[in-house]
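Asks:
Here's what the structure looks like:
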């Protein structure tokens, strides 16, 4: 290497170390002629010097860059059609490194979600393969930090799975790929292996690509396999969340007997309440109460009258946490469910049950206004119409007039064009 070339390498390294986060890709593109094996050697020397001086972050950055570029040099040498002049490849790699650095600094989503939102166009079918390469490089460069690297990759997968913008189907596929990368480095039969398995199962339960029935079967099988390892002591919240996820998978399961699936959903939800107590996790406790109420209302086994009593009890429990002030939408949904349970109730006086149903549906309309929740508003009008149609108290003529008025109002939203079946 001549002195001028070395100086060019050093100038490029200096630019990369001093530039604002996110501009590395543009700088590399502008200096693509310098990106060769000799450049990597100079980076190694500079990284070693920085490490000796105590500049750990800068040294780590250069080592990550070296591993990142090595992959693309190999790809270029193999002539696979994607070389260092392909701007998008470098952009993907830098994007992933920026995301992992963000997780290292701030792991509550406040930093990483804006980064993901700004460059959501990169979350496509090329992302998983480059994530695999970046992870492999990081594990080679940081052999003493394997668990930390895997934690960052798993956290990144979690955030992409939960990302509220972009292509939802793509995001889920990327999350599954990320979890699979992590799982390939976990020791089977250990707590962290089981935790990652549960994360994969959760992603499959929500998966859009593929057949819904198949995805739910994979989710159930993966959860079941992971539950052979007890993670409750080390990760109690993850254990309870996995039980909850398993319950939802059984609730929506397409294969198998409906009656069996509902029983398994009840069992898993009930088990989750061993951790999701009202005192420790009131929000999750109420959510499970809500689901149990719905499941018992549809339950096939057992006495119908008993099941409806259980549904009413669970719905009433949920409303202790789901208040209109704190959880208005959940409160309204639960009020409508409670009203439906009272309309179907077998025990008690029919007249009393219908009055309670009317009261619950009417309460739901405090939140479900036509302006804010037009579809839910129309559905509630329909529920109230049914209750007034069957009402025993009051004048029969008045009740029928109210039922007609409510159905007529609902039809202003559930039009033939927008909701033909309704």
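In the working numbering, the protein residues as written are -8 to 413. Think of the CB as a built atom: it goes at the ideal place given N, C-alpha and C, for glycine as much as any other residue.
Indicate whether residue 49 and residue 107 have their beta-carbon atoms separated by less than 8 Å.
Replies: For this step, residue 49 is matched to residue 58 along the chain shown. For this step, residue 107 is matched to residue 116 along the chain shown. In this structure, residue 107 does not lie closer than 8 Å to residue 49 by Cβ.
Asks: My assumption, with CB atoms under 8 Å, is that residue 284 sits in contact with residue 328. Please give the rounded CB distance.
Replies: Walking along the chain shown from the start, residue 284 turns up at place 293. Walking along the chain shown from the start, residue 328 turns up at place 337. Their Cβ separation, rounded to whole angstroms, is 6 Å, which keeps residue 284 and residue 328 in contact under 8 Å.
Asks: On the DSSP letters alone, give me the boundaries of the alpha helix (DSSP H) that residue 226 sits inside.
Replies: Translated into positions along the chain shown, residue 226 becomes position 235. Segment: none, residue 226 is in no alpha helix (DSSP H) and carries neither H nor E.
Asks: For residue 57, name the three-state secondary structure that DSSP assigns.
Replies: What you label residue 57 is simply residue 66 of the chain shown in a count that begins at 1. It is helical.
Asks: Measuring only the C-alpha atoms, how far is residue 198 from residue 278?
Replies: Counting from one through the chain shown, the residue named residue 198 turns up at place 207. Counting from one through the chain shown, the residue named residue 278 turns up at place 287. Taking the straight line joining both Cα atoms gives about 22 Å.
Asks: Where does residue 194 land, buried or exposed, given buried means 16+ other C-beta within 10 angstroms?
Replies: The residue you call residue 194 lines up with position 203 of the chain shown. Buried.
Asks: Enumerate in chain order the residues of its own chain whose CB-to-CB distance from residue 154 is below 8 Å, with the five nearest sequence positions on each side excluded.
Replies: Within the chain shown, residue 154 is the residue found at index 163, counting from 1. 104, 107, 108, 111, 114, 162.
Asks: So, under 8 Å CB-CB, residue 359 and residue 347 are touching, yes? Tell me the CB distance rounded to an integer number of Å.
Replies: Translated into positions along the chain shown, residue 359 becomes position 368. Translated into positions along the chain shown, residue 347 becomes position 356. Contact flag wrong, Cβ pair sits at about 18 Å.
Asks: For residue 282 and residue 30, I'd like the C-alpha separation in whole angstroms.
Replies: On the chain shown, residue 282 is found 291 positions in, with the first residue counted as 1. On the chain shown, residue 30 is found 39 positions in, with the first residue counted as 1. Going by the C-alpha atoms only, they are around 59 Å apart.
Asks: Once the 5 residues before and after residue 341 are set aside, which same chain residues still bring their CB inside 7 Å of it?
Replies: The residue given as residue 341 occupies position 350 in the chain shown. Around residue 341: 383.
Asks: Rounded to whole angstroms, what is the Cα-Cα separation between residue 36 and residue 132?
Replies: For the purposes of this step, residue 36 is taken as the residue at position 45 of the chain shown. For the purposes of this step, residue 132 is taken as the residue at position 141 of the chain shown. If you take the alpha carbons of residue 36 and residue 132, they lie about 15 Å apart.
Asks: Could you compute how far the alpha carbon of residue 324 sits from the alpha carbon of residue 47?
Replies: For this step, residue 324 is matched to residue 333 along the chain shown. For this step, residue 47 is matched to residue 56 along the chain shown. Residue 324 and residue 47: Cα-Cα distance of roughly 53 Å.
Asks: How would you write the range of the alpha helix (DSSP H) that residue 352 sits in, first residue to last?
Replies: Here residue 352 corresponds to residue number 361 of the chain shown, with the count starting at 1. Per DSSP, residue 352 belongs to the alpha helix (DSSP H) from 341 to 355.
Asks: Would you kindly report the start and end of the unbroken alpha helix (DSSP H) that includes residue 262?
Replies: Within the chain shown, numbered from 1, the residue matching residue 262 stands at position 271. First-last of the alpha helix (DSSP H) with residue 262: 249 to 263.
Asks: Mapping the DSSP letters down to three states, classify residue 428 as helix, strand or coil.
Replies: This structure does not reach residue 428, given that the chain is present from -8 up to 413, and the question cannot be answered.
Asks: Does the region 394 to 403 come into contact with the region 367 to 386, if we say contact requires no fewer than three beta-carbon pairs (one atom in each stretch) closer than 8 Å?
Replies: Yes: the two stretches touch, three or more of their Cβ pairs being nearer than 8 Å.
Asks: Report the three-state DSSP secondary structure of residue 243 (helix, strand or coil).
Replies: Taking the first residue of the chain shown as 1, we reach residue 243 at position 252. Residue state, collapsed to three classes: coil.
Asks: With a 10 Å radius around its C-beta and 16 neighbouring C-beta atoms as the bar for buried, classify residue 331 as buried or exposed.
Replies: The count along the chain shown starts at 1 and reaches residue 331 at position 340. By the neighbour-count rule (16 or more Cβ atoms within 10 Å), residue 331 is buried.
Asks: Where does the unbroken alpha helix (DSSP H) through residue 100 begin, and where does it stop?
Replies: Position 109 of the chain shown, counted from the first residue, corresponds to residue 100. Run containing residue 100: none; DSSP gives neither H nor E here.
Asks: Give a yes or no on whether the C-beta atoms belonging to residue 351 and residue 326 are separated by under 8 Å.
Replies: As a working mapping, residue 351 is identified with position 360 in the chain shown. As a working mapping, residue 326 is identified with position 335 in the chain shown. It is a contact, given that the beta carbons lie within the stated cut-off.
Asks: Taking all protein chains shown into account, do 16 or more other C-beta atoms lie within 10 angstroms of the C-beta of residue 38, making it buried, or fewer, making it exposed?
Replies: Taking the chain shown and counting its residues from 1, one reaches residue 38 at position 47. Flag for residue 38 reads buried.
Asks: Compare the C-alpha of residue 266 against each of 118, 250, 231, 412 and name the closest.
Replies: Your numbering for residue 266 matches position 275 in the chain shown. Among 118, 250, 231, 412, the Cα nearest to that of residue 266 is on 231.
Asks: If you draw a straight line from the alpha carbon of residue 93 to that of residue 293, how long is it in whole angstroms?
Replies: Stepping through the chain shown from its first residue, residue 93 is reached at position 102. Stepping through the chain shown from its first residue, residue 293 is reached at position 302. Cα-Cα distance, rounded: 52 Å.
Asks: According to the Cβ coordinates, are residue 280 and residue 305 closer than 8 Å?
Replies: In the chain shown, counting from the first residue as 1, residue 280 sits at position 289. In the chain shown, counting from the first residue as 1, residue 305 sits at position 314. The answer is yes: Cβ separation under 8 Å.
Asks: Assuming the contact rule is C-beta atoms closer than 8 Å, residue 185 and residue 236 should be a hit. Round their C-beta distance to whole Å, please.
Replies: As a first step, residue 185 is located in the chain shown; it is residue number 194 there, counting from the start. As a first step, residue 236 is located in the chain shown; it is residue number 245 there, counting from the start. Incorrect: roughly 13 Å between the Cβ atoms, too far for contact.
Asks: State the Cα-Cα distance for the pair residue 75 and residue 117, rounded to the nearest angstrom.
Replies: The residue you call residue 75 lines up with position 84 of the chain shown. The residue you call residue 117 lines up with position 126 of the chain shown. Note that residue 75 scores 41 on pLDDT, short of 50, meaning its location in the model is unreliable; the coordinates nonetheless yield the value given after this. Computed Cα separation, rounded: 16 Å.
Asks: In the DSSP assignment, find the unbroken alpha helix (DSSP H) run with residue 37 in it and report its ends.
Replies: As a position in the chain shown, residue 37 is number 46, starting the count at 1. First-last of the alpha helix (DSSP H) with residue 37: 28 to 44.
Asks: Could you tell me the alpha carbon to alpha carbon distance between residue 300 and residue 151, rounded to whole angstroms?
Replies: For the purposes of this step, residue 300 is taken as the residue at position 309 of the chain shown. For the purposes of this step, residue 151 is taken as the residue at position 160 of the chain shown. Computed Cα separation, rounded: 41 Å.
Asks: Go ahead and label residue 188 buried or exposed: buried means 16 or more other beta carbons lie within 10 angstroms of its beta carbon, across all protein chains shown.
Replies: Residue mapping note: residue 188 aligns to position 197 of the chain shown, counting from 1. Counting Cβ neighbours within 10 Å, residue 188 comes out buried, since at least 16 surround it.
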